[in-house]
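Below: one structure, written as structure tokens.
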Amino acid sequence: MDQVNTSGNKLEIECPSIEIAAYLDGELSPDLELHLEAHLAKCVICTQELNDQKHFINALNSSLFDGPELPADFTKRIVTNAESGVSGLRQKKERLNAVFVFCALFFFVLFMLGASAPGTITASLDVFGRVAAVFGFAGHLVYDISIGVVVIMRSLADQPAFGLVAIAVIVPMIVGIAYRFSFLRSDRNRPEYLESGSRI
Amino acid sequence: MSSKAPTLENVRLVSDAELVSTAIGGGEASFEELVRRYQRPIVSYVYRMLNDYDNSLDVTQEVFIKVYNSLERYSCDYKFSTWLYRIAHNAAIDHLRRNSMNSQSIETDNGDGTYQLQIESPNPTPEQDRERSEWRAEIESVVRELPAAYRDLILLRHSRDLSYDEIAEITDLPLGTVKNRLFRAREMMRGLLIERGIDGV
Numbered sequence: 278m279d280q281v282n283t284s285g286n287k288l289e290i291e292c293p294s295i296e297i298a299a300y301l302d303g304e305l306s307p308d309l310e311l312h313l314e315a316h317l318a319k320c321v322i323c324t325q326e327l328n329d330q331k332h333f334i335n336a337l338n339s340s341l342f343d344g345p346e347l348p349a350d351f352t353k354r355i356v357t358n359a360e361s362g363v364s365g366l367r368q369k370k371e372r373l374n375a376v377f378v379f380c381a382l383f384f385f386v387l388f389m390l391g392a393s394a395p396g397t398i399t400a401s402l403d404v405f406g407r408v409a410a411v412f413g414f415a416g417h418l419v420y421d422i423s424i425g426v427v428v429i430m431r432s433l434a435d436q437p438a439f440g441l442v443a444i445a446v447i448v449p450m451i452v453g454i455a456y457r458f459s460f461l462r463s464d465r466n467r468p469e470y471l472e473s474g475s476r477i
Numbered sequence: 009m010s011s012k013a014p015t016l017e018n019v020r021l022v023s024d025a026e027l028v029s030t031a032i033g034g035g036e037a038s039f040e041e042l043v044r045r046y047q048r049p050i051v052s053y054v055y056r057m058l059n060d061y062d063n064s065l066d067v068t069q070e071v072f073i074k075v076y077n078s079l080e081r082y083s084c085d086y087k088f089s090t091w092l093y094r095i096a097h098n099a100a101i102d103h104l105r106r107n108s109m110n111s112q113s114i115e116t117d118n119g120d121g122t123y124q125l126q127i128e129s130p131n132p133t134p135e136q137d138r139e140r141s142e143w144r145a146e147i148e149s150v151v152r153e154l155p156a157a158y159r160d161l162i163l164l165r166h167s168r169d170l171s172y173d174e175i176a177e178i179t180d181l182p183l184g185t186v187k188n189r190l191f192r193a194r195e196m197m198r199g200l201l202i203e204r205g206i207d208g209v
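Going down the list, the protein sequences come from chains A and B. Residue numbers for the first sequence follow the working numbering, beginning at 278 and rising by one. Residue numbers for the second sequence follow the working numbering, beginning at 9 and rising by one.
Here it is as structure tokens:
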């Protein structure tokens with residue numbers, strides 16, 4: 278927006294309204310502030326704009342400062358609800374106590390079950406055994422696949438073109454991993470307190 | 009920073025950062041003082057964002073509970089109020105998004121960085137009509153008509169006198185965008201007030 282001042286010259290600052298707003302908010306750099314003040318001294322239009330904006334900003338500040346009334350017990354309600362939350366701020370000692378109490382209750386229940394129904398414990402042990410067997414099978418599978426890969430690699434190593442193939446496969450993999458790593462690093466540049474704010 | 013819990017008498021003289029530190033150490037009076045210090049401004053901000061008193065109380069409570077559960081993550085290198093307002097900002101925006109079925113989109117960007125007006129309820133209550141006879145109520149009413157993205161900045165700046173830098177941190181917007189949007193929001197408000205025949209703006 279080009280405006281014309283009273284002497285007929287074009288303003289030195291293009292679209293100064295936004296700069297006037299920043300000036301009134303105290304957000305202009307010292308250099309720009311001086312520049313704008315020099316301009317205001319010789320421009321009636323911008324001086325009027327400054328006064329209008331100032332008047333409006335004062336009205337906004339005085340109108341929006343107050344808020345609605347709060348219920349009498351609002352503070353207590355918030356504090357009580359916050360402190361009664363299960364998760365969140367707990368001392369390490371409190372957490373250890375909680376774990377201790379949980380374990381004690383668990384073994385007590387086991388003991389009681391064992392006394393009244395011996396079959397229950399046997400059944401639960403059987404379940405643990407089955408779960409362990411599944412994990413064992415998965416581990417064995419991974420082991421077998423690894424051996425297979427090693428065998429294939431060894432057989433390829435005997436081929437003359439293996440070096441080129443290895444470079445063609447391994448280099449892009451390394452580059453890809455490095456790129457992924459750098460991406461994760463750039464994510465961490467954000468201040469932690471802002472991260473927590475955004476998660477919340 | 010001392011981790012000794014302040015007594016009830018001197019708790020009002022302690023800085024926010026010290027209150028956070030003692031609250032983490034188990035000082036119940038410290039967290040209560042933090043709530044007491046910020047509950048009014050947060051309710052005021054959330055209420056004007058949501059335009060619903062009951063929901064603003066619920067969201068404010070939710071904000072302080074999240075603050076309580078995250079105190080250990082607060083870094084005292086930054087102002088507590090900025091961190092708190094960021095949480096309140098996110099909670100208010102989340103609430104508006106969840107309830108966007110009942111109102112227009114909160115992000116109605118035209119593509120050039122400007123926003124369209126949200127049309128207020130066509131049937132204002134008699135109480136709203138009475139309020140509009142007053143200057144302050146006119147401004148409140150115009151604030152309610154602003155798109156949420158503008159309203160947010162107007163409230164943070166003029167309700168709590170936060171700097172552009174703080175607003176940028178709270179809203180996660182670039183500094184230049186904060187400056188531009190704030191200016192446009194004020195221009196929109198001035199235009200609306202002139203339309204309503206309010207002089208002096």
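All residues carry an ideal CB built from backbone N, CA and C; glycine is no exception. Given the structure is predicted, the values throughout are model-derived calculations rather than measurements.
Asked: Report yes if the C-beta distance between Val-356(A) and Val-43(B) is below 8 Å; otherwise report no.; Found: yes
Asked: Cα separation between Leu-190(B) and Ala-37(B)?; Found: 38 Å
Asked: Kindly say whether Ile-295(A), judged by its beta-carbon, lies nearer than 8 Å to any beta-carbon of chain B.; Found: yes
Asked: Spell out whether any CB of chain B is found under 8 Å from the CB atom of Arg-407(A).; Found: no
Asked: Between Arg-194(B), Arg-204(B) and Ile-73(B), which lies nearest to Glu-326(A) when the distance is taken from Cα to Cα?; Found: Arg-194(B)
Asked: What is the residue span of the alpha helix (DSSP H) that Leu-293(B) lies within?; Found: In the structure as shown, chain B starts at 9 and stops at 209, and residue 293(B) therefore has no counterpart that could be examined.
Asked: Alpha carbons only, please: which of Lys-319(A), Phe-333(A) and Gly-344(A) is nearest the one belonging to Asp-60(B)?; Found: Gly-344(A)
Asked: Starting from the Cα of Tyr-158(B), find the closest Cα among Asp-173(B), Lys-187(B), Glu-177(B) and Arg-105(B) and give me that residue.; Found: Lys-187(B)
Asked: Compute the distance between the beta-carbons of Leu-337(A) and Ile-147(B), then report whether it is under 8 Å.; Found: yes
Asked: Any Cβ of chain B within less than 8 Å of the Cβ of Val-356(A)?; Found: yes
Asked: Quick one: what does DSSP say Phe-405(A) is sitting in, helix, strand or coil?; Found: helix
Asked: Can you pull the chain B residues whose beta carbon is under 9 Å from the beta carbon of Glu-360(A), in chain order?; Found: Glu-36, Phe-39 and Tyr-76
Asked: Does the beta-carbon distance from Tyr-46(B) to Leu-92(B) come in below 8 Å?; Found: yes
Asked: Buried or exposed: which applies to Asp-350(A), given that a residue is buried once 16 or more other Cβ atoms fall within 10 Å of its Cβ?; Found: exposed
Asked: By how many angstroms is the C-alpha of Gly-413(A) removed from the C-alpha of Val-419(A)?; Found: 10 Å
Asked: Going by beta-carbon coordinates alone, are Ile-95(B) and Val-71(B) separated by less than 8 Å?; Found: yes
Asked: Return the CA-CA distance between Ala-145(B) and Lys-331(A), expressed in angstroms with no decimal places.; Found: 19 Å
Asked: Tell me the DSSP secondary structure of Val-419(A) in three-state form.; Found: helix
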